[in-house]
Amino acid sequence: MANFLKTDFELEKSFESFYTGGTVQTSNDGSKIFCSCNDVVCVISVKTGEKLFSLKDDGDEITCFAVSPDGKTLVTATKALLMHSFDLESQTLKNRWKVAHKTPVLAMTIDASSTLLASGSSDTTVKVYDLDKQYYTHSFKGSEESVSLVQFHPSTSKMQLFSSSTNGKIRLWDLTTSKCVSIFEGHYSEVTSIIILTDGSTMVSSGRDKVFIIWDLGQRKQIKTVPVYECVESLCLLKKNQIIEKANMSEDNEYFISVGEQETLKVWTLPECRNVLMNKKPKKLKENDDTRNPSLYSKIYYCEATNELLTVTLDQNLVFYNLDTLKLSKQFIGHFDDVLDIQYFGTEEKYITIATNSEQIKVINTESGSAEVLHGHTGTVLSVSISTDGNYIASCSKDNTIRIWCVNEETGKFCCIAVGSGHTHDIGAICWSRTNSDYLITGSTDLTVKCWNLPELLIKSETIKLTAKWTQKLHDKDINSVAVAPNDKFIVSASQDKTAKVSKLKSGEQIGVLRGHKRGIWCVRFSPIDKCIVTASADSTIKLWALNNFTCVKTFEGHNNSVLKVEFLSKGMQLLSTGSDGLLKIWDIKNNECLTTIDGHEEKTWALAIKKTEDFMVTGGEDSTIKIWMDITEKLKLEEEEKVHSKMEAEQELQNLLQQKKYTKAIGLAIRLEQPFRALNMFKDLLMEEEALEKIDQIVKGLKEYQVESLLDFICDWNTNAKHSFASQTVLSIILKTRTPDELLGYPRIKEILEALLPYTERHFDRMNNLVQQTHFVNYTWESMKMSSIE
């Protein structure tokens, strides 16, 4: 049995939050994305979504940042009214200085020459700094409200800066004269984006007043106002060579893309400012609805490295669209929040389905990192479950409903095919039947368990309404977990009332109660092979119960805090548990002991799922991190066997070398095997031979530097025993004669070695001095005896 037990898991991949809202910017070549994440700036690869590195200084929350066009410098502004300048090549802090504003900076930008930095603040002022010398060169006052946008003219020959405040006015500042040369009035709400066309004399601005305005910068007047019937959040100017296939673009025109509250990419042509292409049909908005959809886009950028458009959503996701077709190509989740539940999905289990502290469900491809977000629930999704065949996702939410999802074969996208309602409170637990996809079990804070009949799941053309087959009130407090037996005959529900109750699946009739926990039970599972049930509780214990008489047969103690999740492992021979202390524990059921403890997360670990092959598991928790772990038990076992085999071969080789009296190779091999006393015996044997010092001298000269350092470590051990002092001091003397002081000082651990050698060497020296003195006394006594005998 022990041969099948798993003891070690290694972190293979993790998905961490890298964007919590605020500034997002792409690198000049479009290969990297810079995202603000609380007190750090994370740098993300556009191709893979992998976090390349992060920049952090004093731990204060970042309000905004800017990246220089040359890609060498990144400047952050914090709530502590400090600015930090980072070198992107070395990823180190260059400078820190205090901002010239009285309140936190809301907007920042760096000019095309990468020498000037402009900042706008809620104190209504705009400041311009010299990046090299870190002092402000201009201070512009005049805005009536908070400055929300600053932007330099793209041409370095024009020393001009645009700024906009929340009242919709755009100001043009001349850096040469340090004056406001024009005020562009036309918007009636906050200006969200400004683009300057390639001619340098035309500007397009957008706002939440649902219009574009085209401005003539030469005459500084409004040319045209274009109604767009949606709040526009961002604009992106397309270059001449960025041609979208479907738009049939003319090289004589200018084109730009907008995103807004209709969640649609729209391509516009200038000078007529006509919409020539959009990527999907706009959604009808509810009248008098002031709430903002969290999936709305807030920014749009062009990524030259992948020829994609990057859009940023209000719920901190990065969504990419192919520029040629305007079709969604991939999506990265910027922030997971609290991970409440997680399950493997798909026939090959390449995807993970995640319930976070939001209304959306995230489905992530574990290989590419790309994700799909499922919208439908109106309350926080608390739990998800995957059907036995791996094709369907069931979810439950605080909106008192359950939903069934599957992949549409025509579009390749997820769609909701069934909705069930009937619970009167939050639904916190859900589980599929095990032998087929015909039943769903749910548990709610309304104290009831429901069984849902699902015979019509094959109908995917429309969303069907589900009704409960039966409803039973089984508990006195919130139901946290439900599970179905492998043969689909029984279900078990666990509650905050400290009990778990076993019922029949078909009727809901209660047949047994599991009592014994001192606090609420967070998780319950059936064994895949035995007639037993495992429960995990807030009393820090895990209990194993016999299904035939509902008694506790084993209790596993080891967690210091609540046990939040438990799963069977190794065909029911082991348990895997997670706790509110972030630790993962692997248990041996037979011996009732904890085999391994893994430091998994920094906060409560709510989510745990194991692949059917049991070679991978995935965890998630309150630290907004998802970690995928790989079973390396067999790998470590093979490595250990290989080490033992290699050691046996080396031992045999060492014996052969000793018989052949090839001491140089033998001593080198003893050093490699870390056998100090085998090496000591060899030196002692050498000292018994003729011309011993010459032979030892040749051996020491033939050793490499790392071998000499290891030999000095051996001598430190030998030197502690007076019996070995002659051999150790002899070898040490030869090393000191054959190696120069500079060579010895180059050894990393030479200081520690000398500190270990000196005390015992002085002791041996004093002992030898005493011995010499005693020999002189013996000689004197002997001579005196001879003289007395003569007399």
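The sequence shown maps to residues 1 to 791 in UniProt numbering. The beta carbon of each residue, even a glycine, is placed where N, CA and C say it ideally should be.
Coil, strand or helix - residue i by DSSP
| i | result |
| --- | --- |
| alanine 650 | helix |
| glutamate 287 | Any answer about glutamate 287 is weak, because its pLDDT of 34 lies below 50 and its placement is not dependable; what the coordinates show is given next. Three-state DSSP puts glutamate 287 in coil, outside helix and strand. |
| aspartate 713 | helix |
| phenylalanine 4 | helix |
| aspartate 766 | helix |
| lysine 281 | With a pLDDT of 49 at lysine 281, under the threshold of 50, the predicted position of this residue should be treated as unreliable, though the coordinate-derived value follows. The answer is coil: DSSP assigns lysine 281 none of H, G, I, E or B. |
| glutamine 160 | strand |
| aspartate 174 | strand |
| tyrosine 747 | coil |
| phenylalanine 86 | strand |
| leucine 454 | coil |
| glutamine 151 | strand |
| glycine 422 | coil |
| alanine 607 | strand |
| aspartate 599 | strand |
| asparagine 779 | helix |
| glutamine 659 | helix |
| isoleucine 753 | helix |
Under 7 Å between C-beta atoms of residue i and residue j
| i | j | result |
| --- | --- | --- |
| cysteine 552 | glycine 516 | yes |
| glutamine 331 | valine 384 | no |
| alanine 727 | phenylalanine 765 | no |
| cysteine 523 | lysine 565 | yes |
| serine 85 | lysine 94 | yes |
| isoleucine 393 | tryptophan 405 | yes |
| lysine 266 | asparagine 275 | yes |
| lysine 299 | valine 319 | no |
| leucine 235 | serine 258 | yes |
| isoleucine 213 | threonine 198 | no |
| isoleucine 33 | alanine 66 | no |
| leucine 474 | serine 493 | yes |
| glutamate 185 | glutamate 230 | no |
| glutamate 10 | methionine 617 | no |
| threonine 124 | aspartate 130 | no |
| leucine 81 | valine 99 | yes |
| leucine 758 | isoleucine 750 | no |
| alanine 107 | serine 148 | yes |
| cysteine 532 | leucine 514 | no |
Start-to-end residues for the alpha helix (DSSP H) that takes in residue i
| i | result |
| --- | --- |
| glycine 668 | 663-672 |
| glutamate 735 | Here the sequence assigns isoleucine to residue 735, which means glutamate is not the residue at that position. Taken as a continuous stretch (DSSP letters only), the alpha helix (DSSP H) holding isoleucine 735 covers 725-738. |
| asparagine 681 | 676-687 |
| glutamine 134 | It is not in any alpha helix (DSSP H) - glutamine 134 carries neither H nor E in the DSSP assignment. |
| lysine 518 | Careful: lysine 518 lies outside any alpha helix (DSSP H) and carries neither H nor E. |
| glutamate 694 | 692-701 |
Proximity winner among the options, relative to residue i (alpha-carbon distances)
| i | options | result |
| --- | --- | --- |
| residue 816 | Asn549, Leu576 and Met768 | There is no way to answer for residue 816, as the model of the chain reaches only from 1 to 791. |
| valine 41 | Gly334, Lys169, Asp209 and Thr738 | Gly334 |
| glutamine 160 | Gly620, His187, Gly218 and His377 | Gly218 |
| threonine 177 | Gln151, Ser189, Ser201 and Ser139 | Ser139 |
| serine 31 | Cys37, Glu567, Thr20 and Val43 | Val43 |
| glutamate 653 | Glu639, Gly668 and Glu642 | Gly668 |
| alanine 670 | Cys273, Leu711 and Leu636 | Leu711 |
| glutamine 316 | Ser17, Pro676, Glu743 and Ile511 | Ser17 |
| leucine 52 | Met83, Ser14, Thr23 and Thr76 | Ser14 |
| threonine 166 | Val150, Ser157, Lys489 and Pro154 | Val150 |
| histidine 153 | Glu674, Cys532, Leu116 and Gln134 | Leu116 |
| threonine 180 | Thr740, Phe162 and Glu641 | In the sequence as displayed, the identity of residue 180 is cysteine instead of threonine. Out of Thr740, Phe162 and Glu641, Phe162 has the C-alpha closest to the C-alpha of cysteine 180. |
Residues bridged to residue i (per DSSP)
| i | result |
| --- | --- |
| isoleucine 542 | Ala536 and Phe556 |
| aspartate 631 | Phe9 |
| serine 444 | Ile427 |
| asparagine 322 | Glu308 |
Element boundaries [beta strand (DSSP E), containing residue i]
| i | result |
| --- | --- |
| phenylalanine 550 | Where phenylalanine 550 is concerned, there is no enclosing beta strand (DSSP E), given that its DSSP letter is neither H nor E. |
| glutamine 316 | Element bounds for glutamine 316: n/a, residue is neither H nor E. |
| isoleucine 300 | 297-303 |
| glycine 260 | 254-260 |
| serine 206 | 202-207 |
| aspartate 588 | 583-588 |
| cysteine 180 | 179-184 |
| threonine 499 | 499-504 |
| glutamine 219 | Taken as a continuous stretch (DSSP letters only), glutamine 219 belongs to no beta strand (DSSP E), as it is neither H nor E. |
| glutamine 25 | 24-26 |
Closer than 7 Å to chain C by CB, residue i
| i | result |
| --- | --- |
| glutamate 639 | This model lacks chain C altogether; it includes just one protein chain. |
Distance cut-off 6 Å: residue i Cβ against heavy atoms of the ligand FMN
| i | result |
| --- | --- |
| glutamine 360 | Of ligands this structure carries none, so the ligand FMN is not represented either. |
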